[in-house]
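Everything on this sheet refers to the single structure shown next.
Residue numbers (the UniProt record's numbering), protein chains in the order written: chain C, 1 to 346; chain G, 1 to 346.
In structure tokens:
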């Protein structure tokens with residue numbers, strides 16, 4: 001039997017074929033499980049030696065690879081993240097790496113647990129999507145395992161970053177609404193109070209982009225930001241606050257499409273029509289935004305490209321840990337749909 | 001320094017504290033990385049011995065645990081699956097197990113790769129959500145690692161199953177629509193042609209439940225099933241076919257909420273009003289269905305309970321691999337919303 005080609009990792013399937021036993025038997029031998037005869041064990045061990053197979057666990061001790069890449073996602077309900085994951089797997093599916101995902105739960109403690117778990121399992125690299133951990137923690141992780149941080153700004157000497165230009169993205173929304181004739185344009189942001197990370201978080205940068213663009217359009221007196229979270233519930237509660245204003249906004253810029261879903265909910269419950277009574281715009285251009293009955297104006301930050309870029313950077317860093325870090329920033333575009341229109345007559 | 005409590009697993013954080021070094025140093029020693037002094041290595045190794053810490057990799061060789069549970073999800077875009085994942089993590093977050101998820105991509109080859117990767121990494125247990133693999137493959141996996149299969153019917157002697165009663169769920173929809181006065185009720189199913197698994201797949205059982213309920217209501221001549229996929233695109237294409245019928249249905253029962261999103265899209269593009277011209281019902285009762293502007297009638301199969309049940313069964317199986325397998329079936333309920341109403345006058 002031919003040995004497998006050198007560029008491909010030897011798997012237990014190869015070992016089973018070579019030893020002429022089932023993969024179940026190989027697994028049992030590897031796990032020292034019950035139910036294998038001494039003869040079987042000898043056959044499997046010979047095949048392992050012949051092919052140079054390194055079981056996952058053994059590989060680690062010899063500074064080898066585990067062929068595993070960990071992806072931490074803040075929230076698996078946000079329909080934007082599958083775009084990033086698709087971009088990652090487009091690239092990694094063709095390699096020997098297995099992607100394993102874990103929820104970061106938008107919390108520093110949960111993120112610490114997840115990153116520790118990934119390090120502890122000897123993963124070869126990690127992609128951290130929109131982490132909220134301190135930069136110190138991110139650099140700690142990156143000091144141990146090749147790391148790409150997605151959706152967070154700021155340059156690091158130890159990890160690569162991929163994000164979109166959130167400042168420009170927010171300005172695209174404000175300009176679109178102002179061009180339609182809106183002045184009372186409000187924004188719902190994901191609350192960010194930690195001064196150590198505020199300059200790096202996409203949510204904070206979108207809010208800042210909103211402020212800058214409002215000022216640039218001479219609308220500084222109309223700046224109105226509600227702080228909740230980037231969730232459906234956050235959008236719902238934020239919109240309820242805005243709709244209760246004596247002089248309610250004629251347009252709401254939700255910081256993410258998932259936020260816009262909650263805004264639509266609150267607006268609908270208030271008996272208002274979109275876009276006749278109020279315009280709504282989101283951010284992320286998810287498949288939800290494109291859906292006919294929703295047809296949400298949104299900012300396309302090309303999540304799939306973000307994911308693909310992150311995968312490529314990570315593979316390069318795994319191959320050479322000493323290369324200088326890269327900071328990739330992609331340009332967003334506006335997709336105007338039916339939720340935005342001129343404001344109602346005053 | 002006190003040793004950690006016996007019930008909790010010793011982590012590298014404990015080792016670092018005990019050795020009075022950073023966790024980075026512990027990780028470096030464990031990985032045999034550069035940049036640690038012989039003195040540091042000695043300190044860390046002493047702490048490892050004192051605390052009885054078993055690094056992940058070492059644990060496996062001694063038939064130990066890796067404290068990892070793998071969850072295979074068919075499609076991370078389907079908003080139903082986060083419900084199951086939430087139910088799983090509700091239970092597992094309180095334990096020392098880390099949940100790692102991988103996409104099964106609705107394909108036998110991809111599922112084989114993912115399950116092999118989970119076995120190869122020594123995971124302690126796996127949860128396979130709506131797998132399409134042959135029963136032979138599922139039993140192969142379960143023969144190696146404790147396994148719970150979610151959303152697929154059929155009893156196995158080697159793995160536990162948790163599903164909802166899809167036959168009843170489909171009947172709830174047909175009865176609701178028939179009670180409103182509909183006769184031309186069509187169904188969009190996820191195409192299932194493999195005779196080896198057809199009796200076990202939730203999609204096939206929903207289609208069968210639809211057929212049985214139609215017959216029970218005397219509507220056997222109106223049975224009309226379009227086979228696509230449980231995706232937004234599948235719903236869109238399925239609805240386009242149904243709307244092109246000379247005598248188009250007055251109600252569409254989509255096999256999943258994600259399918260209903262595509263149906264809404266096609267209906268909206270055809271210039272039809274919901275529910276005035278056509279009623280639409282889904283299955284899964286996702287947060288999307290509850291959304292105000294959508295307000296989709298749907299079947300609640302209690303995904304969170306399904307996930308929690310799966311986690312509990314898996315923990316029990318990890319603790320005792322010889323216990324008899326369980327088959328848990330949960331009862332669905334109908335949540336009627338604004339997308340269903342009496343049919344338009346003939």
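Cβ atoms here follow ideal geometry from the backbone N, Cα and C, with glycine treated the same way. These numbers were taken from a predicted model, which means no experiment stands behind them.
{"Asked": "Selection of the stretch 286 to 318 of chain G by Cβ proximity to chain C, strictly under 9 Å", "Found": "287, 288, 290, 291, 292, 293, 294, 295"}
{"Asked": "Chain C contact residues for residue 107 of chain G, given Cβ-Cβ distances below 8 Å", "Found": "None at all; the shortest Cβ gap to chain C is about 11 Å."}
{"Asked": "Residues of its chain near residue 233 of chain C, where Cβ-Cβ distance is below 7 Å and the 5 sequence neighbours each way are ignored", "Found": "262"}
{"Asked": "Environment of residue 189 of chain C [buried if 16+ CB atoms lie within 10 Å]", "Found": "buried"}
{"Asked": "Where residue 82 of chain C meets chain G, residues with beta-carbon distance less than 8 Å", "Found": "76, 77"}
{"Asked": "C-alpha distance - residue 150 of chain G paired with residue 13 of chain C, whole-angstrom precision", "Found": "26 Å"}
{"Asked": "Three or more C-beta pairs below 8 Å linking the stretch 296 to 311 of chain G and the stretch 327 to 341 of chain G", "Found": "yes"}
{"Asked": "Any 3 or more C-beta pairs closer than 8 Å across the stretch 163 to 180 of chain G and the stretch 202 to 220 of chain G", "Found": "yes"}
{"Asked": "For residue 44 of chain G and residue 16 of chain G, the rounded distance between their alpha carbons", "Found": "7 Å"}
{"Asked": "Under 8 Å by beta carbon: chain C residues contacting residue 269 of chain G", "Found": "292"}
{"Asked": "Secondary structure of residue 190 of chain G, DSSP reduced to three states", "Found": "strand"}
{"Asked": "Beta carbon proximity, residue 91 of chain G to chain C, threshold 9 Å", "Found": "no"}
{"Asked": "Per-residue DSSP class, three states only, for residue 252 of chain G", "Found": "strand"}
{"Asked": "Delimiting residues of the beta strand (DSSP E) encompassing residue 40 of chain G", "Found": "No beta strand (DSSP E) holds residue 40 of chain G; the alpha helix (DSSP H) holding it covers 38 to 51."}
{"Asked": "Min CB distance residue 27 of chain G to chain C below 9 Å", "Found": "yes"}
{"Asked": "Proximity test, Cβ basis, 9 Å: residue 140 of chain G and chain C", "Found": "yes"}
{"Asked": "Beta-carbon neighbours of residue 99 of chain C, restricted to chain G and to distances below 7 Å", "Found": "102"}
{"Asked": "Test item: CB-CB of residue 146 of chain C and residue 337 of chain C under 9 Å", "Found": "no"}
{"Asked": "Ordered list of alpha helix (DSSP H) runs contained in the stretch 207 to 293 of chain G, each at least 4 residues", "Found": "232 to 243, 257 to 269, 287 to 290"}
{"Asked": "Contact set between residue 194 of chain G and chain C, taken where Cβ atoms lie within less than 8 Å", "Found": "Per Cβ cutoff of 8 Å: no residues; residue 194 of chain G is ~22 Å from chain C at best."}
{"Asked": "Residues that residue 117 of chain C contacts on chain G, provided the C-beta gap is smaller than 7 Å", "Found": "98"}
{"Asked": "Interface residues of the stretch 139 to 159 of chain G facing chain C [CB-CB below 7 Å]", "Found": "140, 143, 144"}
{"Asked": "N- and C-terminal bounds of the beta strand (DSSP E) containing residue 164 of chain C", "Found": "160 to 164"}
{"Asked": "Inter-residue Cα distance where the pair is residue 217 of chain C and residue 283 of chain C", "Found": "20 Å"}
{"Asked": "Interface positions of the stretch 215 to 242 of chain G facing chain C (Cβ-Cβ less than 8 Å), listed along the chain", "Found": "232"}
{"Asked": "Between the CA atoms of residue 28 of chain G and residue 38 of chain G - distance to the nearest angstrom", "Found": "12 Å"}
{"Asked": "Length of the line joining the Cα atoms of residue 41 of chain G and residue 82 of chain C", "Found": "42 Å"}
{"Asked": "Within-9 Å CB hit, residue 11 of chain G to chain B", "Found": "The structure shown has no chain B; the protein chains it does contain are C and G."}
{"Asked": "Chain-ordered chain G contacts of residue 264 of chain C [CB-CB under 8 Å]", "Found": "291, 292, 293"}
{"Asked": "Neighbour flag for residue 340 of chain G against chain C, beta carbons, 9 Å", "Found": "no"}
{"Asked": "Proximity of residue 141 of chain G and residue 74 of chain G at Cβ, strictly below 9 Å", "Found": "no"}
{"Asked": "Residue 202 of chain G, buried or exposed, once every other Cβ within 10 Å from all chains shown has been counted against 16", "Found": "buried"}
{"Asked": "CB contact check: residue 70 of chain C to chain G, cutoff 9 Å", "Found": "yes"}
{"Asked": "Assigned secondary structure, residue 103 of chain G (DSSP; H/G/I helix, E/B strand, else coil)", "Found": "strand"}
{"Asked": "Closest Cα partner of residue 50 of chain G within the set G/18, G/322, G/291, G/248", "Found": "G/18"}
{"Asked": "Within 9 Å, strictly: CB atoms of residue 251 of chain G and residue 280 of chain G", "Found": "yes"}
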